[in-house]
Amino acid sequence: MGTQVTKQTENAESVRQLDDFDKTLLRVDADATIRSRAVEATGSTAELVPGDVVKDRFEIVSILGRGGMGVVYRAIDRRKVEAQDRDPHVALKALSATWQQDDRMVIALQREARKAQTLAHPNIATVFDFDRDGDLVYITMEQLAGQPLDEVIRQHPQGMPRHQVKSIIRGLCLGLAYAHNKGIVHSDFKPGNVFLNEGFNPKILDFGIARATPVAGDASASSQTQFDAGDLGALTPSYAALEMFQGAPPHPADDVYALAITAYQLLGGRHPFNSQPAPKARAAGMKPEPLRGLKRREWQAIRGGLEFERKNRIAHAQEFLRVFEGRKSALLAISAAALLAVALGAYYAYVQVEEHDRIAPDTAFTALPENTQSLINQHLADGDMSRKFGDYAGALASYEQAYALHPRNPDVTGRLIDLLTGLVNSAVNQGTDRSALLANLEDIMVTDGFLGTHPRLKDLRQKLETTR
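Position in the sequence shown (from 1) plus 374 gives the number in our numbering.
1. According to DSSP, P576 sits in a beta bridge with which residue or residues?
2. Using 8 Å as the threshold, is the region 764-773 in touch with the region 802-813, meaning 3 or more CB pairs across them?
3. Counting C-beta neighbours from all protein chains within 10 Å, is the total for R453 16 or more, i.e. buried, or is it exposed?
4. Considering only their Cβ atoms, is the gap separating Y631 from E693 smaller than 9 Å?
5. Taking 9 Å as the threshold (C-beta atoms), are L641 and G533 in contact?
6. To which residues does DSSP link K467 through a beta bridge?
7. Helix, strand or coil for D822, going by three-state DSSP, please let me know.
8. What does G439 pair with, by DSSP beta-bridge criteria?
9. So R677 is in the alpha helix (DSSP H); what residue range does that whole segment cover?
10. In this structure, how does DSSP classify I498 when only helix, strand and coil are distinguished?
11. Whole angstroms is fine: what's the gap from A769's alpha carbon to R761's?
12. Whole angstroms is fine: what's the gap from A767's alpha carbon to K669's?
13. Rounded to whole angstroms, how far is the Cβ of V697 from the Cβ of G678, which I believe are closer than 8 Å?
14. For D822 and A755, I'd like the C-alpha separation in whole angstroms.
15. Would you mind working out which of K556, G557, S612 and Y552 sits nearest P565, comparing C-alpha positions?
16. Roughly how many angstroms separate the alpha carbons of A499 and M515, rounded to a whole number?
17. Using the C-alpha atoms, what's the distance from H554 back to H690?
18. Between the Cα of A813 and those of F824, L838 and R789, spot the shortest distance and give me the residue it belongs to.
19. Which first and last residues belong to the alpha helix (DSSP H) in which G885 is found?
20. For K577, count neighbouring Cβ atoms within 10 angstroms of its own Cβ and tell me buried if that reaches 16, exposed if not.
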């Protein structure tokens, strides 16, 4: 540390580009230590370049993306190389020189790492560690393969293909809903904080950085994060909900506003309010133009997420997904007391009568990787918590995620059938509309042959069909 270097000319094509793995970067170069960055007279800062090594461990390969707080790099973890890991890459997010001298910003990055480490979800980037090397403060996270979502949107000015968009929106909703259920609000959600892989599976970044506060003066429509250094608040004007400008406490509905804008951009290729911040858009009476080709429920979700007033806006990412997909709506119409009374009895009956008839999974739970076991247990815990508070759509979604990770898992299967049995019995007893619930059940039964032929689920389907 300590050796000043002049800022190298940037190769524009390398910015946010995922370069192919370069075997030559595995060399151990005694002179390839992390360089302190020179601050030019203009106030801009030089960035790490390929070959720089952080903490004698992480070798920089390329730039993945930039944000208001720092730069994300693709790097090689030399410890993984030594362990002959098949993929030694990680993403390294370094706090920019502009902020690394401010202890409060260092605390903000540490807060991000701490929050993100509690969010074990397939649609949230996994954070490994928080550390520093001299003046450089950074976090390491799982390798990000693909492109930032804002770049993908720019490449599709007329909108992306519908089948791709649905997959992306679902992943974004599930990731945000998982965080919302844990009491964490992103507060700076936007396409620039999402990475999209080739399978159209999104990864959400930057949890914990932003705390909604008013921005002094006239907020521009920039897509770059602006920071209030006094309070360490952050917002991106063109994606921030009205209440964020007003300094209101963070709320999941803030993320839903940004989520709806992102969904609109994915489908239409443009910002619904011409990138104007919410206060200006509301004052001008702007209304989002309906997008062609959307189903009524899809537009209902997006329009509900774009409401300027929080009281009128969809309040949770899970609810946004429910409306957008038009599934599981019947789950919310059933009395919690009636459901729990029926469901508890159904569950114990199921365990006692059919425990011996369950088909074992291909791989025992204890033989699964520890991180997979942990993720399954977390999904089950989230489902149980959602169910406790009467959020049966959320509970079912969590159980489905757990089942996808370990098909035929008896604990997961038991919870799925327990919940569905209670829902069906309550719907029949109360005489409520059962068509949506039947569609939900059939969606689950087509998951695989095990669920499709399960006698309990077949009985439930027959019960719904014969009592309509």
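Virtual Cβ for every residue (Gly too), placed ideally from N, Cα, C. Quick caveat: nothing in here was measured; it's all calculated off a predicted structure.
Judging by the given coordinates:
1. Answer by DSSP bridge pairing, in chain order: L570.
2. The region 764-773, when compared against the region 802-813, does not touch it at the 8 Å Cβ threshold.
3. Classification of R453: exposed, given that the 10 Å Cβ count is below 16.
4. Taking 9 Å as the Cβ cut-off, E693 and Y631 do not qualify as a contacting pair.
5. Yes; because the gap between Cβ atoms is below 9 Å, this pair is in contact.
6. Looking at the DSSP assignment, K467 forms a beta bridge with V446 and I513.
7. Here D822 carries a coil assignment [DSSP, helix/strand/coil].
8. V446, per the DSSP bridge assignment.
9. From DSSP, the alpha helix (DSSP H) with R677 extends over R670 to G679.
10. Of the three classes helix, strand and coil, the one that applies to I498 here is strand, per DSSP.
11. Their Cα atoms are separated by approximately 5 Å.
12. In a straight line, the C-alpha of A767 is about 21 Å away from that of K669.
13. Beta-carbon to beta-carbon, V697 and G678 are separated by about 7 Å, close enough to satisfy the 8 Å threshold.
14. Straight-line measurement puts the Cα of A755 at about 23 Å from the Cα of D822.
15. Out of K556, G557, S612 and Y552, S612 has the C-alpha closest to the C-alpha of P565.
16. Those two C-alpha atoms are separated by around 7 Å.
17. H690 and H554: Cα-Cα distance of roughly 7 Å.
18. Measuring from the Cα of A813, the nearest candidate turns out to be L838.
19. There is no way to answer for residue 885, as the model of the chain reaches only from 375 to 842.
20. Within a 10 Å sphere around the beta-carbon of K577 sit 16 or more other beta-carbons, which makes this residue buried.
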